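S.K.:
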Amino acid sequence: MIEAQGLTKRYGSTTAVDDMSFTVEPGRVTGFLGPNGAGKSTTMRMTVGLDAPTKGNVTVNGRRYVEHGAPLREIGVLLDAKAVHPGRTARNHLTAMAATHGISRTRVDEVIDIAGLASVADKRVGGFSLGMGQRLGIAAALLGDPQTLILDEPVNGLDPEGVLWVRRLTRSLADQGRTVFLSSHLMSEMALAADHVIVVGRGRVLADAPVSDLIAAAHGERVRVASPHADHLEAVLRSRQATVVATGHDSLEVTGLSASQIGDAAAEARVALHELTAIGGSLEDAYLQLTAEDVEFRSAPMDTHETGAMASQNEGGSR
Ligand SMILES: Nc1ncnc2c1ncn2[C@@H]1O[C@H](COP(=O)(O)OP(=O)(O)OP(=O)(O)O)[C@@H](O)[C@H]1O
């Protein structure tokens with residue numbers, strides 16, 4: 002379990018982490034989300050003793066990281082996959098780490114296998130691709146068979162097979178009752194990998210909730226409807242206080258009425274329906290709503306001409 006209480010970090014006039022309190026529970030995968038500069042890496046660094054809090058504290062399994070006698074056995078960490086001597090082989094790197102904690106060579110071989118690195122274990126890390134480096138970083142995090150894992154952007158640079166591997170690995174670690182805390186900017190992946198998320202913006206906790214609650218809270222129910230008489234249906238639904246947006250010449254997106262209420266209203270008005278689909282929101286939508294005010298680095302909006310040009314390019318490309 003990871004517990005932060007009033008955790009604060011200032012660098013000169015910048016407050017990177019601003020009075021954060023949260024608990025990362027065992028037995029589930031907890032995602033750590035936030036825009037660039039929100040304070041995620043700083044929080045993770047303080048959690049593993051690489052930075053000292055200005056105020057407050059963060060503990061892992063009840064103790065500060067530095068108070069753990071054999072931290073590798075307690076907490077597995079992937080913070081910067083590139084922080085490996087490029088002249089060493091993967092096996093040498095892991096063996097050297099293992100030696101500091103009395104971890105056996107058999108365990109080194111095990112994590113090499115788990116990470117799918119057997120064929121490159123005796124190659125120099127300097128020649129590794131980004132994805133292989135990530136796998137090595139994850140192998141190192143698993144070395145001490147720790148109860149708690151902290152993984153900063155673990156899928157960064159991984160191919161789809163690697164992304165799936167990380168998802169399955171973190172799920173099985175959580176199912177074994179371990180604490181798994183991971184950050185990623187890939188919302189679709191986070192929605193699949195995490196049970197619970199902590200969303201931060203400008204150093205503060207904006208949400209700390211199950212993924213499903215966050216999505217549900219951010220969205221009223223939306224329903225997609227298609228009908229050959231969409232204009233008539235639109236008038237019928239508006240008369241029942243629904244908000245209706247035409248999304249095509251025969252399709253509508255409706256909020257304010259459930260799918261069954263829309264079906265009933267259409268039947269009463271004798272309007273044929275060709276589609277009636279409740280649309281779930283996405284974690285990305287929920288995240289963008291939550292962090293709208295807290296984005297430090299905002300892109301300039303594209304004008305409609307550019308957007309239109311891009312959309313038609315994309316359409317062309319997908320044919
Ligand atoms: N060593 C440092 N010295 C000065 N400022 C720092 C330092 N480390 C981080 N910061 C600042 O603290 C803030 C939080 O940075 P942090 O890297 O923790 O954010 P992040 O959420 O991990 O961002 P990203 O998603 O881009 O990795 C930023 O404004 C950053 O510029």
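Per our numbering, residue 2 is the first one in the sequence shown, and the count goes up by one each step. Ideal Cβ positions, reconstructed from N, Cα and C, are used throughout, including at glycine. Keep in mind the model is a prediction, meaning the values are calculated, not measured.
1. What residues match up with residue 197 in a beta bridge as DSSP calls it?
2. Leaving out the 5 sequence neighbours to the left and right, which residues in its chain are closer than 6 Å to residue 29 when beta-carbon positions are compared?
3. Measuring straight from C-alpha to C-alpha, what distance separates residue 273 and residue 230?
4. Does at least one heavy atom of ligand 1 sit under 7 Å from the Cβ of residue 37?
5. Quick check on the DSSP output: what are the complete alpha helix (DSSP H) runs of length 4 or more inside the stretch 150-194, in order along the chain?
6. Could you give the DSSP three-state label for residue 98: helix, strand or coil?
7. Tell me where the alpha helix (DSSP H) around residue 234 begins and ends.
8. For the pair the stretch 87-101 and the stretch 113-133, tell me if three or more CB-CB distances fall below 8 Å.
9. Measuring only the C-alpha atoms, how far is residue 288 from residue 116?
10. Starting from residue 288 and walking both ways along the beta strand (DSSP E), at which residues does that stretch end?
11. Between residue 238 and residue 259, what straight-line distance do the alpha-carbon atoms span, to the nearest angstrom?
12. Between residue 42 and residue 7, what straight-line distance do the alpha-carbon atoms span, to the nearest angstrom?
13. Residue 311 to residue 193, Cα distance in whole Å?
14. Decide yes or no for the touch test of the stretch 243-255 against the stretch 165-183: beta carbon pairs closer than 8 Å, at least 3 of them.
15. With C-beta atoms as the reference, is residue 35 less than 8 Å away from residue 202?
16. Taking the continuous beta strand (DSSP E) assigned at residue 224, which residues delimit it?
17. I'd like to know whether the C-beta atoms of residue 164 and residue 190 end up nearer to each other than 8 Å.
18. By a C-beta neighbour count over all protein chains shown, 10 Å radius and 16 as the cutoff for buried, is residue 103 buried or exposed?
19. Would you identify the three-state DSSP class for residue 124, choosing helix, strand or coil?
20. Helix or strand or just coil, what does DSSP make of residue 247?
21. Sorry if obvious, but does the Cβ on residue 42 come closer than 7 Å to a heavy atom of ligand 1?
M.R.: The structure says:
1. According to the DSSP secondary-structure assignment, residue 197 is paired through a beta bridge with 31 and 211.
2. 175, 196 and 197
3. 7 Å
4. yes
5. 161-176 and 188-194
6. Look at residue 98 here: in three-state DSSP terms it is helix.
7. 231-239
8. yes
9. 31 Å
10. Unbroken run through residue 288 is the alpha helix (DSSP H), 284-292; no beta strand (DSSP E).
11. 11 Å
12. 17 Å
13. Confidence in residue 311 is poor, its pLDDT being 44 and thus under 50, which makes the residue's placement unreliable; the coordinate value appears in the next sentence. Those two C-alpha atoms are separated by around 29 Å.
14. no
15. yes
16. 223-227
17. yes
18. exposed
19. coil
20. strand
21. yes
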